[in-house]
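Residue numbers (this note's numbering): 34 to 472.
Written out below as structure tokens is the structure these notes cover.
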Ligand SMILES: NC(=O)c1ccc[n+]([C@@H]2O[C@H](COP(=O)([O-])OP(=O)(O)OC[C@H]3O[C@@H](n4cnc5c(N)ncnc54)[C@H](O)[C@@H]3O)[C@@H](O)[C@H]2O)c1
Ligand SMILES: N[C@H](CO)Cc1c[nH]c[nH+]1
Ligand SMILES: [Zn+2]
């Protein structure tokens, strides 16, 4: 039996595939050709600087003049070229994303406590100094990505946020992406795409100091560049091509489930979309609805291959099995369309973001209207990581202040441990305190 992506053999006896993916293997997460290309590009950019950036900007994106910084007035004016309803929708998405991030910020509190008599310890959240945000605009200009990266960094209090976005076929930045960056509070915006953009921000090649962290999703080259630059700079997470999964029972609306599966299949022909259902009838209805809806979509050349090759419909015997296989899949986006949504909410452990009930569709979050961040872990990363949030830009810095009277509480045990390890210089720092305390 062909197993759908990441539904491992561990659960093979707990489900039946009503629709198997068309290809045996899941999309390669780390294509050797991509690894090699990115490694060569980063090495050339690190050693040759702007010459290599210009060369790649020209050969990959047709930018004959290299990266262009857009002036603040030009960035602000990008909204004038947009229809009023789009401008207002961008402003609403930026504001709602900011409000959700502000709620997250309010729940991260500094503290100082007395851990033992005379031993004061504390933690305070301090933002990183400079962030470089990648604003993808290859296959589609993903307008809302700026809310998620730039806007949230600004809520965290990051003083400097640079952004890079690839040129469109006319050589200019996309106006909606530029305006979204503007209303999100970008400090400096450049027209530059892909690996060369991330390297330029990380190595400080844009007439600005190197950033401390690079954030934002992109294609396989962008994700690999972030992975290889990690260490030189921090990264948010590895967010690759989007994916969606749905848990549905017999009460679900098959048309809505089908629409939401295709909604994310649109990201690319390797985007996985999976339905796990306790109802065989619902599963078969969704398969039929997907085929019907595909015929009506202008992007069926992307959604169709994605569904054919990487789409799956899985029938399980119980809600417990639905949770077990879904926690194994650990999808980026997970929708629950059942009569027991609250039970699933309590039971599920592995997902990037959860959408509860028929009325909660992924696109609401994708476009910034739900306020939650759409930069989320893919390819099973939700087993160990959460999506981008305000806390990623904040360092929980710890400190301690020890009063004289607390000295014996700390120093005697430190002497014992240090002596047992043979670390006499460590031991001496404690012994000195004990002596002056006594004396
Ligand atoms: N997981 C998430 O949270 C999340 C969020 C938003 C977007 N995404 C994903 O981001 C991706 C956006 O990808 P995109 O391609 O549309 O835009 P993109 O902006 O990521 O990539 C465009 C750039 O890719 C570079 N490039 C293209 N071919 C290359 C090659 N052969 N070698 C080296 N570099 C090359 C070019 O320089 C170009 O500027 C989608 O897959 C989408 O699903 C994911
Ligand atoms: N689904 C993507 C990652 O969560 C985000 C997005 C924006 N626009 C469309 N989709
Ligand atoms: Zn999407």
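All residues carry an ideal CB built from backbone N, CA and C; glycine is no exception.
Remember, predicted model here, so these are calculated numbers, not experimental data.
DSSP places residue 384 in the coil class of the three-state scheme, outside both helix and strand.
In the DSSP assignment, residue 90 falls within the unbroken alpha helix (DSSP H) covering 83-94. When the beta-carbon positions are compared, residue 202 and residue 227 stay at least 8 Å from each other.
Apart from the 5 residues on each side of it in sequence, residue 292 sits with its Cβ closer than 7 Å to the Cβ of 326 in its chain, given in chain order. The distance from the Cβ of residue 167 to that of residue 119 is about 22 Å, inconsistent with a contact at the 8 Å cut-off.
Residue 318 is classed as buried because its beta carbon has at least 16 other beta carbons within 10 Å across all chains shown. Rounded to the nearest angstrom, the gap between the Cα atoms of residue 330 and residue 52 is 21 Å. Across the structure, residue 105 and residue 457 are spaced so that their CA atoms are roughly 58 Å apart. Shown here, residue 459 sits in a helix according to DSSP, grouped into three states. Of 134, 311, 462, the smallest CA-CA separation from residue 358 is found for 311.
Measuring C-alpha to C-alpha distances from residue 68 to each of 352, 356, 393, 252 identifies 252 as the nearest. Counting C-beta pairs closer than 8 Å gives three or more between the stretch 150-169 and the stretch 188-196, which meets the contact rule.
Here residue 344 has 306 as same chain residues with Cβ atoms under 6 Å from its own Cβ, once five neighbours each way along the sequence are excluded.
Approximately 6 Å separates the beta-carbon atoms of residue 244 and residue 235; this is inside 8 Å, confirming the contact. If you draw a straight line from the Cα of residue 388 to the Cα of residue 464, it is about 58 Å long. 8 Å or more divides the Cβ of residue 373 from the Cβ of residue 348. Only buried fits residue 340, as 16 or more other CB atoms lie within 10 angstroms of its CB. Residue 276 counts as buried, since at least 16 other C-beta atoms from the protein chains shown sit within 10 angstroms of its C-beta. According to the DSSP assignment, residue 236 belongs to the alpha helix (DSSP H) that extends over 227-236. For residue 338, the uninterrupted alpha helix (DSSP H) run begins and ends at 333-343, by DSSP. In terms of side-chain proximity, the C-beta atom of residue 297 is found nearer than 7 Å to a non-hydrogen atom of ligand 3. With a threshold of 16 other beta carbon atoms within 10 Å, residue 337 meets it and is buried. Shown here, residue 173 sits in coil according to DSSP, grouped into three states, outside any helix or strand. With a cutoff of 7 Å, residue 300 counts as near ligand 3, since its C-beta is closer than that to a heavy atom of the ligand. Per the Cβ contact rule, the stretch 120-137 is in contact with the stretch 210-219 (3 or more Cβ pairs under 8 Å). Distance between residue 352 and residue 320, taken at the CA atoms: about 21 Å. Within the model, the alpha-carbon separation for residue 157 versus residue 427 is close to 9 Å. Residue environment: residue 375 is assigned as exposed (fewer than 16 neighbouring CB atoms within 10 Å of its CB, all protein chains considered). Here the distance from the Cβ of residue 275 to the nearest heavy atom of ligand 3 is below 7 Å. Annotation for residue 310: no alpha helix (DSSP H) segment contains it, though the beta strand (DSSP E) segment containing it runs 306-310. The Cβ-Cβ distance between residue 181 and residue 367 does not fall below 8 Å.
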